[in-house]
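>
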Amino acid sequence: MKAAMIFDMDGTLFQTDRILEASLHDTFQLLRDEEMWEGDTPLEKYREIMGVPLSDVWRTLLPLHPLQTHERVNEVFQDKLIQNILDGMGALYPHTEDLLAYLSERGFPIFVASNGYPRYLEAIVEYYGLDRWILSCYSIEDIDSEDKGELIRKVKVDHNLSHGIVIGDRRSDFKGAEANEFLSIGCAFDFSQENELHEADIVVGELIEIREYLEKVK
Numbered sequence: 001m002k003a004a005m006i007f008d009m010d011g012t013l014f015q016t017d018r019i020l021e022a023s024l025h026d027t028f029q030l031l032r033d034e035e036m037w038e039g040d041t042p043l044e045k046y047r048e049i050m051g052v053p054l055s056d057v058w059r060t061l062l063p064l065h066p067l068q069t070h071e072r073v074n075e076v077f078q079d080k081l082i083q084n085i086l087d088g089m090g091a092l093y094p095h096t097e098d099l100l101a102y103l104s105e106r107g108f109p110i111f112v113a114s115n116g117y118p119r120y121l122e123a124i125v126e127y128y129g130l131d132r133w134i135l136s137c138y139s140i141e142d143i144d145s146e147d148k149g150e151l152i153r154k155v156k157v158d159h160n161l162s163h164g165i166v167i168g169d170r171r172s173d174f175k176g177a178e179a180n181e182f183l184s185i186g187c188a189f190d191f192s193q194e195n196e197l198h199e200a201d202i203v204v205g206e207l208i209e210i211r212e213y214l215e216k217v218k
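For the sequence shown, the positions run 1 to 218 when full-length UniProt numbering is used.
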């Protein structure tokens, strides 16, 4: 069996940046309307931590607000993200469909392991028809921890995978691959950090480079 290809979603397959600003602004406008927030939407702060579980996002952006507010804000944010996806505001990264079709045609099992929530991931998969190639989409909600390595391990165990390649843009993806003795490919895209990309086994500037790498090593 060929190596399983386990993709992150945000900042790897899907250009979350296309819908992020509007979704976050609308969410914080709600807080302003309820006099629970003053000032600008902390967009740059969110960009810095993009890729971490959303519970960490709200702890970082709203450190003085109670957990109940975090949970409510998260629901609003998810609704805004999904609506913007369905409105066509998002986009896949260049060559996403070409790469997934190439991998599928050559027998590479394809999975997603993401910190995103299930209904958000489902919206992306359904809108772009990614289930043509992706066998299963795993959310951080599928495990009891927020450890990306544990999520990748669940994919590994569920499908009895002996070897695989994790493709992502943040340290949690690379560490998760290492914890499962999988190869990691770092995507130098929107949310990636140069100091984190050094921890990936391979770094690509475009998704199509993954095809080129596989053709070299086959």
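C-beta atoms are modelled at their ideal positions from N, C-alpha and C, and glycine is treated no differently.
Everything numeric in this text was worked out from a predicted model, so none of it was measured.
Give a yes or no on whether the C-beta atoms belonging to Ile-202 and Leu-99 are separated by under 8 Å.
no
> Measuring straight from C-alpha to C-alpha, what distance separates Phe-89 and Asp-26?
Here residue 89 turns out to be Met, not Phe, going by the sequence shown. Using only the alpha carbons, I get a separation of about 15 Å.
> What are the boundary residues of the alpha helix (DSSP H) that includes Gly-176?
171 to 179
> Nearest-angstrom Cα distance between Tyr-127 and Asn-195?
33 Å
> The alpha helix (DSSP H) that contains Tyr-138, what's its start and end?
No alpha helix (DSSP H) holds Tyr-138; the beta strand (DSSP E) holding it covers 136 to 139.
> Straight-line CA distance for Met-5 to Ala-101?
12 Å
> Alpha carbons only, please: which of Pro-66, Gly-129, Gly-164 is nearest the one belonging to Gly-107?
Gly-164
> Tell me whether Gly-129 sits in a helix, a strand or coil according to DSSP, three-state version.
coil
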